[in-house]
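Be aware that the sequence shown starts at 1, since it is given in full-length UniProt numbering, and climbs by one per residue.
Cβ atoms here follow ideal geometry from the backbone N, Cα and C, with glycine treated the same way.
A quick note: this is a predicted structure, and the numbers were derived from the prediction, not measured.
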Amino acid sequence: MTSVLRLDGVDRSFGDRQVLKDVSFDVVAGRMTGFVGGNGAGKTTTMRIILGVLAADAGQVTWRGEPLSRDARRRFGYMPEERGLYPKMSVREQVTYLGQLHGLTADAARRATDGLLERVGLAERGNDLLETLSLGNQQRAQIAAALVHDPEVLVLDEPFSGLDPLAVDTVVGVLRERATAGAPVLFSSHQLDVVERLCDDLVIIADGSIRAAGSREQLRSAYTTPRFELVVETDAGWLRDHPGVSLVDLDGARAVFDLAAGTDEQPVLRAALERGPVRAFRPVTPSLAEIFREVAK
Ligand SMILES: Nc1ncnc2c1ncn2[C@@H]1O[C@H](COP(=O)(O)OP(=O)(O)OP(=O)(O)O)[C@@H](O)[C@H]1O
1 MTSVLRLDGV
11 DRSFGDRQVL
21 KDVSFDVVAG
31 RMTGFVGGNG
41 AGKTTTMRII
51 LGVLAADAGQ
61 VTWRGEPLSR
71 DARRRFGYMP
81 EERGLYPKMS
91 VREQVTYLGQ
101 LHGLTADAAR
111 RATDGLLERV
121 GLAERGNDLL
131 ETLSLGNQQR
141 AQIAAALVHD
151 PEVLVLDEPF
161 SGLDPLAVDT
171 VVGVLRERAT
181 AGAPVLFSSH
191 QLDVVERLCD
201 DLVIIADGSI
211 RAAGSREQLR
221 SAYTTPRFEL
231 VVETDAGWLR
241 DHPGVSLVDL
251 DGARAVFDLA
261 AGTDEQPVLR
271 AALERGPVRA
281 FRPVTPSLAE
291 IFREVAK
């Protein structure tokens, strides 16, 4: 797996407040990296530094091993937090214009625009002024604008905010296609369910520091304690006294419990069967939301 975009020891302060502390992570070719953190954690500041809108106080951003240049940034596709399309221009006109700004011929820009507007479900609205579109549709236009020049990498600040579930699916599909075609995608999001569904890699930031980074599977296994769910027919309270078991949740016949390191789960199952029928017994995988709560504390 080749890391193409790398942040290495990035610091940034505003006044005497340090908002990024030694931020380092990799974005890998062909993968979707979700950048997750609470309000004010430092996501937008990090993305602005990647895009060159803000300078880092220390550390560096490299693209394919070289410090990121203006020229390389032209081949980026980005969606800044302050969206920045022109409200009084038609959707088609401005996506085409942005394609030309990024070096496409007028013809190529028009073709790319038409294809993208179709793909994001805005073909019918192409001639409408941006300001007349709903917020969700403006967001779709932003996605088209970020993609029109077929960028080598995508850096998107909250690309899913304000989208309805169908639009989320459309945008997820478009981004996944780009990633599969080789363009790494770095996107920030508050919507952990979307991140969980979409990303291959995760970077979790809290209070300006990277708390965890790696593939979804790596994070899952790193933060998984052996946790199980047991559903029986009568009260499962006896689990409380079973060696190695620590109850997480007990609701009558249903229990969720952790096992101490080195404890085998099969004796617990046998003990349950000795007491009567077992309706369910299964390992519980933590959701991304749980991992996030754990590491961002
Ligand atoms: N230009 C600025 N001047 C002063 N402080 C700033 C500036 N930009 C950001 N900050 C502060 O830096 C911290 C990180 O902000 P940032 O916007 O990067 O967070 P975020 O993770 O994107 O948050 P959110 O999810 O709420 O958008 C916040 O405390 C914010 O108030």
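- Query: Leaving out five residues before and five after D235 in sequence, what residues of the same chain have Cβ atoms less than 8 Å from its Cβ?
  - Reply: Same-chain partners within the cutoff: G252, A253.
- Distance CB(T33)-CB(P159) smaller than 8 Å: In terms of Cβ geometry, T33 and P159 do not form a close pair [threshold 8 Å].
- Query: Say the cut is 7 Å; is the CB of A222 nearer than that to a heavy atom of ligand 1?
  - Reply: Result no, Cβ not under 7 Å from ligand 1.
- Is Y78 helix, strand or coil by DSSP? Note: Y78 maps to strand in three-state DSSP.
- Since Q60 is in the beta strand (DSSP E), which residue starts that stretch and which ends it? Going by DSSP, Q60 is part of the beta strand (DSSP E) stretching over 58-63.
- Message: Just to confirm before moving on: does the CB-CB distance between R96 and R110 stay below 8 Å?
- Response: In the sequence on display, residue 96 carries Thr and not Arg. In this structure, R110 lies closer than 8 Å to T96 by Cβ.
- Query: Between which two residues does the alpha helix (DSSP H) harbouring D26 extend?
  - Reply: Per DSSP, D26 belongs to no alpha helix (DSSP H); it is in the beta strand (DSSP E), 17-28.
- Message: Using 8 Å for Cβ pairs, my map puts F35 next to V203. What's the rounded Cβ distance?
- Response: So it is a contact: roughly 5 Å between Cβ atoms.
- Please determine, among T44, T263, V295, L85, the residue with the shortest C-alpha to C-alpha distance to P243. Looking at the Cα atoms, T263 is the closest of the given residues.
- Message: At a threshold of 7 Å, does F25 count as lining ligand 1 (C-beta to nearest heavy atom)?
- Response: At a threshold of 7 Å, F25 does not count as near ligand 1, since its beta carbon sits no closer than that to any of the ligand's heavy atoms.
- Item | Inside the stretch 205-284 only - alpha helix (DSSP H) runs reaching at least 4 residues | With a minimum length of 4 residues, the continuous alpha helix (DSSP H) runs that stay inside the stretch 205-284 are 216-222, 266-275.
- Which of helix, strand or coil does DSSP assign to R6? Residue state, collapsed to three classes: strand.
- Message: Please classify Y86 as buried or exposed, where buried requires at least 16 neighbouring CB atoms within 10 angstroms.
- Response: With fewer than 16 Cβ atoms within 10 Å of its Cβ, Y86 is classed as exposed.
- Item | 8 Å Cβ cutoff met for D136 and A106 | For the sequence presented, residue 136 should be read as Gly rather than Asp. Cβ distance not < 8 Å, so G136 and A106 don't count as in contact.
- Task: Would you check if there are 3 or more beta carbon pairs closer than 8 Å linking the stretch 68-87 to the stretch 17-32?
- Result: Short answer: they don't touch.
- Return the chain-ordered list of same chain residues with a C-beta closer than 6 Å to the C-beta of A123, the five sequence neighbours on each side being excluded. Excluding residues within five positions, the ones whose Cβ falls inside 6 Å are L117.
- Query: M89 to T113, Cα distance in whole Å?
  - Reply: Near 14 Å, if we compare the C-alpha coordinates of T113 and M89.
- Message: Helix, strand or coil for E124? Go by DSSP, reduced to three states.
- Response: Residue state, collapsed to three classes: helix.
- Give the range of the beta strand (DSSP E) segment to which V185 is assigned. V185: member of the beta strand (DSSP E) spanning 185-189, first to last residue.
- How would you write the range of the beta strand (DSSP E) that M32 sits in, first residue to last? It spans 32-36 - the beta strand (DSSP E) in which M32 sits, taken as one unbroken run.
- Task: Mind checking which residues open and close the beta strand (DSSP E) that includes L156?
- Result: Judged by DSSP secondary structure, L156 falls within the beta strand (DSSP E) whose first and last residues are 153-156.
- Message: Between which two residues does the alpha helix (DSSP H) holding F160 run?
- Response: F160 -> no alpha helix (DSSP H), and no H or E assigned at all.
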